[in-house]
Structure formats: structure tokens, C-alpha cells
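Asks:
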Amino acid sequence: MSTWFDTIQRSFADVPVDAANDNGISTTEFLEAAESLTTLFDVLGSKAFTPVKNDLVGNIKKVKDRQQAAPAESATLQSLVVNELKEKKHTATEGLVWLVRGLDFTAQALRHNLDNASKELADSFREAYGNTLKPHHSFIVKPIFSAAMSATPYRKDFYVKLGEDNAKVQSSLETEVAALQQRVAILKEFLDRKEAKW
Numbered sequence: 001m002s003t004w005f006d007t008i009q010r011s012f013a014d015v016p017v018d019a020a021n022d023n024g025i026s027t028t029e030f031l032e033a034a035e036s037l038t039t040l041f042d043v044l045g046s047k048a049f050t051p052v053k054n055d056l057v058g059n060i061k062k063v064k065d066r067q068q069a070a071p072a073e074s075a076t077l078q079s080l081v082v083n084e085l086k087e088k089k090h091t092a093t094e095g096l097v098w099l100v101r102g103l104d105f106t107a108q109a110l111r112h113n114l115d116n117a118s119k120e121l122a123d124s125f126r127e128a129y130g131n132t133l134k135p136h137h138s139f140i141v142k143p144i145f146s147a148a149m150s151a152t153p154y155r156k157d158f159y160v161k162l163g164e165d166n167a168k169v170q171s172s173l174e175t176e177v178a179a180l181q182q183r184v185a186i187l188k189e190f191l192d193r194k195e196a197k198w
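If you use the UniProt record's numbering, the sequence shown corresponds to residues 1 to 198, in order.
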């Protein structure tokens, strides 16, 4: 019995992190996993999530464009940022900052929902939005994202959409969210450093 997790190109659990090299995160695999995760917003099933998904996809593209322009300097996300900033450019770096915020939002929403079995998805997504994206959004963007939070399906319907085998879905989601959280934490720490500022 297949689940949504069987359909994705890459899981965050399969994104290499080079612990010996400042936790360097492999750019290609990370972008594949991020693209895979954006399909989760299709599972949520509301047009209201289109701006959320488009935001992620747009930021993935900014990072990917830089990787394609300078592949030798972009093996890890960290090296991509450092090398782009050396050229006095920051399109991909800014894209990565927003991508990490969007992934952090998604990870926090899913983690909150996994850990609180009685909570509806809308509550989890609203709380995560307040902690992650909302402080950075303009008054024009906030209502668009708030509409998405209100359009979240009921918890029971969402988990069934991920797959009929609930135990398998819960286990796969736990693995995915933990891996996503770990990589987001590494990137947030890196992006807070002086070397990642422009």
C-alpha cells in the first residue's frame, strides 16, 4: 500500500550532511528534497496553498540557478552562499533564507501536529506561521498566508490523503520531519553567521 512518501523524488533523510566539513549540506539533494516537499501542499488540496507552494518553488529556483551558474562552487549550500556573496551578489542567498523560513514553517507545523494528536492542522499551521514567516511578511502577504491556514483540511482527512496505512504514514512523517528539522537547524545557524550576511 503506497503512501505520499513513496511518490516523492527524495526524502530529507537522504540529503547528505558532511559533519566533518562544517555540516555542509549537499545542494543537489537538498533542492530535490525541497521540491518533493512542495507536493505536500497539493495533498492539502486547497488553492489557498498555491502562494505558499509558489513561494517555496520560486526560492528553490533562485538557489538552483546559482548552482547551475557556478557548479564547482556550489557543492554544498554553505559554499554556494559564501561564493555568491564574494561576488557581491545575493539573489540565491536571499532565496535560501526564504526557502529555509518556508521549510521551517512546514517542519514546525507538521512537528506540532505529530506531537499533539488532538490538534487540528489549522492550529498547527497557524502557530508555525506565527513563529516563522509572519514576522518577515508584509501586511500585503500576511492575509494570503492566513487564508491558507484557514483552508487546511481536517486532520483525519489529511492523514488519509498521505496514505491509508496510518502507522506507516505516522512513521514516515516522523522520519521526514525529524530530518527536515535537523537540516533547517543547520542552515539557520549558518545563515545567522556573519559570513552569510550581505
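We treat Cβ as the ideally placed atom computed from N, Cα and C, and that holds for glycine.
Can the beta-carbon of Thr132 be found less than 7 Å from the beta-carbon of Arg101?
Replies: Translated into positions along the sequence shown, residue 132 becomes position 132. Translated into positions along the sequence shown, residue 101 becomes position 101. Result yes, Cβ atoms of Thr132 and Arg101 sit closer than 7 Å.
Asks: Please name the residue or residues paired with Ser26 in a DSSP beta bridge.
Replies: Translated into positions along the sequence shown, residue 26 becomes position 26. In DSSP, Ser26 forms a bridge with Thr76.
Asks: Looking at Phe12: is its Cβ nearer than 7 Å to the Cβ of Ala196?
Replies: Position 12 of the sequence shown, counting from 1, holds the residue named residue 12. Position 196 of the sequence shown, counting from 1, holds the residue named residue 196. It is not a contact, given that the beta carbons lie outside the stated cut-off.
Asks: Identify every run of the beta strand (DSSP E) within the UniProt domain "Glycolipid transfer protein" (25-164), keeping only runs that are complete inside it and at least 3 residues long; order them along the chain.
Replies: none
Asks: Quick check: Asp153 and Gly45, are their CB atoms within less than 7 Å of each other?
Replies: Mapped onto the sequence shown, residue 153 falls at position 153. Mapped onto the sequence shown, residue 45 falls at position 45. The sequence given here has Pro at residue 153, not Asp. Judged by their CB atoms, Pro153 and Gly45 are nearer to each other than the 7 Å cut-off.
Asks: Which residues bound the alpha helix (DSSP H) around Asp6?
Replies: Residue numbering aside, residue 6 sits at position 6 when the sequence shown is read from its first letter. From DSSP, the alpha helix (DSSP H) with Asp6 extends over Trp4 to Thr7.
Asks: For Val17, which of helix, strand or coil comes out of DSSP?
Replies: Position 17 of the sequence shown, counted from the first residue, corresponds to residue 17. In this structure, Val17 counts as strand in the three-state DSSP scheme.
Asks: Residues in the same chain with beta-carbon distance under 7 Å from Gln181, minus the five sequence neighbours each way, listed in chain order, please.
Replies: On the sequence shown, residue 181 is found 181 positions in, with the first residue counted as 1. If we look at Gln181 and ignore the five residues flanking it on each side, its Cβ neighbours are Ala107 and Arg111.
Asks: Classify Lys197 as helix, strand or coil using the three-state DSSP reduction.
Replies: Residue mapping note: residue 197 aligns to position 197 of the sequence shown, counting from 1. Note: Lys197 maps to coil in three-state DSSP.
Asks: Work out the CA separation of Glu29 and Pro51 for me, nearest whole Å.
Replies: Counted from its first residue, the sequence shown places residue 51 at position 51. Counted from its first residue, the sequence shown places residue 29 at position 29. Spanning the two alpha carbons is a distance of roughly 24 Å.
Asks: Quick one: residues in its chain with C-beta nearer than 7 Å to the C-beta of Ile144, no 5 flanking neighbours on either side, listed in chain order?
Replies: For the purposes of this step, residue 144 is taken as the residue at position 144 of the sequence shown. Hits under 7 Å: Pro51.
Asks: Just tell me which of Trp4, Asn21, Val15 and Arg193 has its CA closest to the CA of Asp42.
Replies: For the purposes of this step, residue 42 is taken as the residue at position 42 of the sequence shown. Of Trp4, Asn21, Val15 and Arg193, the residue nearest in Cα terms is Trp4.
Asks: Determine the contact status of Ala33 and Arg66, defining contact as a CB-CB distance below 7 Å.
Replies: Locating residue 33 in the sequence shown gives position 33, counting from the first residue. Locating residue 66 in the sequence shown gives position 66, counting from the first residue. Not in contact: Ala33 and Arg66 (Cβ atoms no closer than 7 Å).
Asks: Does DSSP classify Arg183 as helix, strand or coil?
Replies: As a working note, residue 183 is residue 183 in the sequence shown. If DSSP states are grouped into helix, strand and coil, Arg183 belongs with the helices.
Asks: Relative to the alpha-carbon of Glu127, which residue among Ser138, Ile140 and Asp104 has its alpha-carbon at the smallest distance?
Replies: Your numbering for residue 127 matches position 127 in the sequence shown. Comparing Cα positions, the closest option is Asp104.
Asks: Find the nearest neighbour of Phe125 within the set Ala185, Ile186 and Phe49, judged by alpha-carbon distance.
Replies: The sequence position of residue 125 within the sequence shown is 125, counting from 1. The option with the nearest alpha carbon to Phe125 is Phe49.
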